[in-house]
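Visitor: Residues 310 to 611 (our numbering) make up the sequence shown, in order.
Even glycine gets a Cβ: it sits at the ideal position worked out from N, Cα and C.
None of the values given here were measured: they were computed from a predicted structure.
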Amino acid sequence: MTAARRAAHALAAVLTATLAAGLSVPAAAADSAEPTVPTATATGDAPTVLADGHVDLGPRFEQGRWTIGIRDDSGPAPVWRDPDRVVLQAVDAAAVAVPADPAFAFLGTPGAQVWLLPQVQQHGVLWPGWNSQDPSVIHTVDREVTWQLESVRGPGHFTLFLNGSFGTPEPVFDSTRPLPQETGIETNSHVHGNWAFTAPGSYLLGIRVTARTLDGRTHDARTTLHFSVGPQDPRSALPAAPDTPAAPTAPAETAAPAETAASGAARKPWIPWAVGGGAVIVLAAGATVVSVRRRMKGNRSD
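(1) So, for residue 459: in the same chain, excluding its five sequence neighbours on each side, which residues have a beta-carbon less than 8 Å away from its beta-carbon?
(2) Can you list the alpha helix (DSSP H) stretches of 4 or more residues lying completely in the segment 380–429, in chain order?
(3) Quick one, which of 372, 356, 529 has its alpha-carbon nearest residue 454's?
(4) Pick from 365, 546, 402, 519: whose alpha carbon is nearest that of residue 376?
(5) Hey, how far is the Cα of residue 572 from the Cα of residue 401?
(6) Can you tell me the Cα-Cα spacing of residue 505 and residue 410, whole angstroms?
(7) How long is the line joining the alpha carbons of residue 524 and residue 373, rounded to whole angstroms?
(8) Select from 378, 449, 537, 495 the residue whose C-alpha is nearest the C-alpha of residue 359.
(9) Give the straight-line distance between the Cα atoms of residue 437 and residue 526, rounded to the nearest whole angstrom.
(10) Quick one: residues in its chain with C-beta nearer than 6 Å to the C-beta of residue 482, no 5 flanking neighbours on either side, listed in chain order?
(11) According to DSSP, what are the bridge partners of residue 497?
(12) Would residue 403 pass as a contact of residue 389 if the rule is Cβ separation under 8 Å?
(13) Which partner residues does residue 447 have in the DSSP bridge list?
(14) Which whole-angstrom value describes the C-beta separation of residue 539 and residue 510, a residue pair presumed to lie in contact below a C-beta threshold of 8 Å?
(15) Residue 355 by DSSP, collapsed to three states: which one?
(16) Work out the CA separation of residue 439 and residue 456 for me, nearest whole Å.
(17) Where residue 365 and residue 443 are concerned, what is the direct C-alpha to C-alpha distance, given to the nearest angstrom?
(18) Among the residues of its own chain, which have a CB less than 6 Å from the CB of residue 466, if the five just before and after it don't count?
(19) Kindly give me the distance between the Cβ atoms of residue 544 and residue 512, rounded to whole angstroms, as I take these residues to be in contact under 8 Å.
(20) Grouping DSSP H, G and I as helix and E and B as strand, with all else coil, what is residue 441?
(21) So, residue 384 versus residue 435, is the Cβ gap smaller than 8 Å?
(22) Name, in chain order, the residues that DSSP records as bridge partners for residue 520.
(23) With DSSP collapsed to three states, give me the class of residue 474.
(24) Can you give me the C-alpha to C-alpha distance between residue 560 and residue 499, rounded to a whole angstrom?
(25) Please report the straight-line C-alpha distance between residue 354 and residue 387, rounded to a whole angstrom.
(26) Using a 10 Å radius around the Cβ and a threshold of 16 neighbouring Cβ atoms, would you call residue 535 buried or exposed?
(27) Here's a check: name, in chain order, each residue in its chain whose Cβ is nearer than 6 Å to the Cβ of residue 521, leaving out the five neighbours to either side.
(28) Using a Cβ-Cβ cut-off of 6 Å (strictly less than) and excluding sequence neighbours within five positions of residue 447, which residues of its own chain qualify?
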């Protein structure tokens with residue numbers, strides 16, 4: 310039995326005990342025992358690179374308009390930021406090797422390098438999630454918020470997956486499959502997953518968020534998430550200002566390492582993912598656990 314399989318079996322025992330209440334999977338644990346995160350009242354307009362700490366993608370009504378924002382908790386006070394003014398950076402410390410376990414074949418060849426923003430918080434690595442906890446959403450939306458991945462542009466593949474039951478990964482979005490792809494969470498929910506990128510460089514993820522409010526109206530918003538992956542200047546992934554040419558993305562071989570990148574972490578072992586996934590479930594006993602609806606549109610090969 311391989312080390313990855315042993316870790317998966319150990320995780321299975323933890324998940325079986327913890328999820329015995331009959332919760333459906335894929336599921337993710339909230340990172341806090343509080344069901345609702347504090348309201349972020351400040352907004353930030355300056356171009357920003359986020360490489361560490363907690364952030365969430367989330368919808369809200371801003372002056373009556375349905376919008377998508379990035380809730381930045383990396384500083385002393387939470388701030389809502391415009392996704393078009395933010396780069397989400399996967400530093401070198403986020404690089405891991407794909408395990409030999411066939412369950413992870415969707416990430417590539419065993420031993421290949423991928424950059425992972427993990428479901429479980431890791432020091433020095435950005436911890437992105439998504440939520441439906443803004444008061445304007447909780448009090449007006451009817452039951453559920455629907456998310457779509459509409460487009461992916463970048464040098465490699467992108468996958469968002471959850472640590473599922475019995476150590477088996479559960480893909481939510483996979484750029485190798487037809488787009489758009491769809492998922493949904495209930496209102497007042499907070500979810501984290503594993504954001505995986507197979508090559509360094511800049512990625513643009515086209516996101517659409519829809520919901521129906523209690524008055525029967527449907528609300529729809531789109532945005533683009535900007536990711537900088539690996540050893541490049543993350544500022545190259547920032548959207549160009551109006552009437553300003555876009556900054557070119559430097560080749561990975563020649564780009565200067567980002568200041569926040571950690572050295573010597575290019576091929577960390579895979580096992581801590583599984584162990585960490587079990588740990589967050591155990592530590593979150595009594596916390597909010599949410600079921601994530603997954604539906605990939607288009608033809609599937611399996």
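Guide: For this structure:
(1) Along the sequence shown, read from residue 1 onward, the residue named residue 459 stands at position 150. Sequence-distant Cβ neighbours of residue 459 in its own chain, meaning closer than 8 Å and more than five residues away, are 488, 489, 515, 516, 517, 531.
(2) Unbroken alpha helix (DSSP H) runs of no fewer than 4 residues, entirely contained in the segment 380–429, are not found.
(3) As a working mapping, residue 454 is identified with position 145 in the sequence shown. Nearest of 372, 356, 529 to residue 454, Cα basis: 529.
(4) Translated into the one-based positions of the sequence shown, residue 376 becomes position 67. Minimum Cα distance to residue 376 is reached at 519.
(5) As a first step, residue 572 must be located in the sequence shown, where it is residue number 263. As a first step, residue 401 must be located in the sequence shown, where it is residue number 92. The predicted position of residue 572 is uncertain, since its pLDDT is 32 and thus under 50; no value can be drawn from it.
(6) Here residue 505 refers to the residue found at position 196 of the sequence shown. Here residue 410 refers to the residue found at position 101 of the sequence shown. Those two C-alpha atoms are separated by around 16 Å.
(7) Translated into the one-based positions of the sequence shown, residue 524 becomes position 215. Translated into the one-based positions of the sequence shown, residue 373 becomes position 64. Looking at the two C-alpha atoms, the distance is approximately 14 Å.
(8) Along the sequence shown, one-based indexing puts residue 359 at 50. Scanning 378, 449, 537, 495 for the CA closest to the CA of residue 359 turns up 537.
(9) Translated into the one-based positions of the sequence shown, residue 437 becomes position 128. Translated into the one-based positions of the sequence shown, residue 526 becomes position 217. Distance from the CA of residue 437 to the CA of residue 526, rounded to the nearest whole angstrom, comes to 29 Å.
(10) To locate residue 482, count along the sequence shown from 1; it is residue 173. If you ignore the 5 residues before and after residue 482, its C-beta comes within less than 6 Å of the C-beta of 458, 469, 490, all in its own chain and listed in chain order.
(11) The sequence position of residue 497 within the sequence shown is 188, counting from 1. DSSP lists no partner for residue 497.
(12) As a position in the sequence shown, residue 403 is number 94, starting the count at 1. As a position in the sequence shown, residue 389 is number 80, starting the count at 1. In this structure, residue 389 does not lie closer than 8 Å to residue 403 by Cβ.
(13) The residue you call residue 447 lines up with position 138 of the sequence shown. DSSP, once it has assigned bridges, lists no residue as partnering residue 447.
(14) Your numbering for residue 539 matches position 230 in the sequence shown. Your numbering for residue 510 matches position 201 in the sequence shown. Separation of the CB atoms of residue 539 and residue 510 is rounded to 7 Å, and the pair is thereby assigned contact status at 8 Å.
(15) Mapped onto the sequence shown, residue 355 falls at position 46. In this structure, residue 355 counts as coil in the three-state DSSP scheme.
(16) As a position in the sequence shown, residue 456 is number 147, starting the count at 1. As a position in the sequence shown, residue 439 is number 130, starting the count at 1. Approximately 10 Å, taken between the alpha carbons.
(17) As a working mapping, residue 365 is identified with position 56 in the sequence shown. As a working mapping, residue 443 is identified with position 134 in the sequence shown. Rounded to whole angstroms, residue 365 to residue 443 spans 11 Å at the Cα level.
(18) What you label residue 466 is simply residue 157 of the sequence shown in a count that begins at 1. These residues qualify, in order along the chain: 484, 485, 507.
(19) Translated into the one-based positions of the sequence shown, residue 544 becomes position 235. Translated into the one-based positions of the sequence shown, residue 512 becomes position 203. With a Cβ gap of about 15 Å, residue 544 and residue 512 do not count as contacting.
(20) By 1-based counting over the sequence shown, the position of residue 441 is 132. Looking at residue 441 - three-state DSSP - the assignment turns out to be coil, as it is neither helix nor strand.
(21) Within the sequence shown, residue 384 is the residue found at index 75, counting from 1. Within the sequence shown, residue 435 is the residue found at index 126, counting from 1. Not a contact, by the Cβ cut-off of 8 Å.
(22) Working through the sequence shown from its first residue, we reach residue 520 at position 211. For residue 520, which the question treats as bridged, DSSP gives the partners 454, 528.
(23) Mapped onto the sequence shown, residue 474 falls at position 165. DSSP places residue 474 within a helical segment (H, G or I) once states are collapsed to three.
(24) Indexing the sequence shown from 1 puts residue 560 at position 251. Indexing the sequence shown from 1 puts residue 499 at position 190. Here residue 560 scores only 37 on pLDDT, less than 50, and its place in the model is too uncertain to base an answer on.
(25) In the sequence shown, the residue the question calls residue 354 occupies position 45. In the sequence shown, the residue the question calls residue 387 occupies position 78. Straight-line Cα distance between these residues: approximately 14 Å.
(26) The residue given as residue 535 occupies position 226 in the sequence shown. Burial call: buried.
(27) Within the sequence shown, numbered from 1, the residue matching residue 521 stands at position 212. Excluding positions up to five away in sequence, the list reads 451, 527.
(28) The residue you call residue 447 lines up with position 138 of the sequence shown. Around residue 447: 496, 497.
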